[in-house]
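Structure first, commentary second.
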Amino acid sequence: MSGKDSLKTYREKRDFKKTAEPSGKRKSGSKKPIFVIQKHDASRLHYDFRLEVDGVLVSWAVPKGPSTDPRDKRLAVPTEDHPLEYGDFEGIIPEGEYGAGTVIVWDTGLYRNLRAEKEDDGASMQKALEEGKLEIWLEGKKISGGYALIRTRKKGDERWLLIKMKDERANARRNPVSTEPESVISGRTLEDLL
Ligand code: MN
């Protein structure tokens, strides 16, 4: 995860002559960090949860997508860092290419590192990733409020859990993954891309 040349794995998996996905040459801005949740119908449907950390998008695949109910623990499997400009990628990854299938931006917005705000020694995102304990505040259109990402298995076979924190944005009656399937940037669903 996030470090020197952390996009190496991302680039090795892709042939940029064949896929319209970005190769990741553009450098990061200095704005507030973004998060992105992309709905991706690959061999299996999943939601790619990505956080901007030090100029790349640190990423997890969340099979069921995020919940707004603090009682739900959603499995999140780490995947390779992605370039920042992947954050507005929507389209079709061609057959035979890595991750072949359709992608939309299901939600995006800015986020804040809550641990850095709450704790005296203010854990940076990099430190929080190493410790396997993230607490972040998301400001998306569908998903907002505090979320924890907690590592439950060690390196080599990492598993994390994505959990809504108990705050005023928690809502056990909402289920945006099923009621709001469309892209927040184009309004399209995955089916609209085909
Ligand atoms: Mn994916």
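In this text, residue positions in the sequence shown follow this note's numbering: the first is 208, and each later residue adds one. Every residue gets a Cβ at the ideal spot worked out from N, C-alpha and C, and that includes glycine.
{"Asked": "Any 3 or more C-beta pairs closer than 8 Å across the segment 312-329 and the segment 342-353", "Found": "yes"}
{"Asked": "CA nearest to the CA of Arg257, picked from Ala268, Ala249, Glu387, Asp364", "Found": "Ala268"}
{"Asked": "Sequence-distant residues of its chain with Cβ nearer than 8 Å to Leu401 (five each side left out)", "Found": "Ile299, Thr309"}
{"Asked": "Buried versus exposed, by CB contacts within 10 Å (16 or more), Thr275", "Found": "buried"}
{"Asked": "Per-residue burial, Thr216 [other beta carbons within 10 Å of its own, 16 or more giving buried]", "Found": "exposed"}
{"Asked": "Rounded C-alpha distance that separates Arg358 from Trp367", "Found": "4 Å"}
{"Asked": "In DSSP terms, what Ile392 is bridged to", "Found": "In DSSP, Ile392 forms no bridge with anything."}
{"Asked": "Residue burial classification, Pro383 (beta-carbon count within 10 angstroms, cutoff 16)", "Found": "buried"}
{"Asked": "Continuous beta strand (DSSP E) assignments of at least 3 residues falling wholly in the segment 232-268", "Found": "241-248, 252-260"}
{"Asked": "Check whether Pro240 and Val260 have beta carbons under 8 Å apart", "Found": "yes"}
{"Asked": "Buried versus exposed, by CB contacts within 10 Å (16 or more), Asp364", "Found": "exposed"}
{"Asked": "Arg251 classed as buried or exposed, judged by whether at least 16 other C-beta atoms fall within 10 angstroms", "Found": "exposed"}
{"Asked": "Runs of beta strand (DSSP E) wholly within the segment 350-393 (minimum 3 residues, chain order)", "Found": "351-360, 366-371"}
{"Asked": "Reduced DSSP category for Arg221 - H, G, I as helix; E, B as strand; rest coil", "Found": "coil"}
{"Asked": "Bridge partner(s) assigned by DSSP for Tyr305", "Found": "Answer by DSSP bridge pairing: none, since Tyr305 is not bridged."}
{"Asked": "Assigned exposure category for Gly303 - 16 Cβ within 10 Å defines buried", "Found": "exposed"}
{"Asked": "CA-to-CA distance, Asp327 to Ala249, given in whole angstroms", "Found": "42 Å"}
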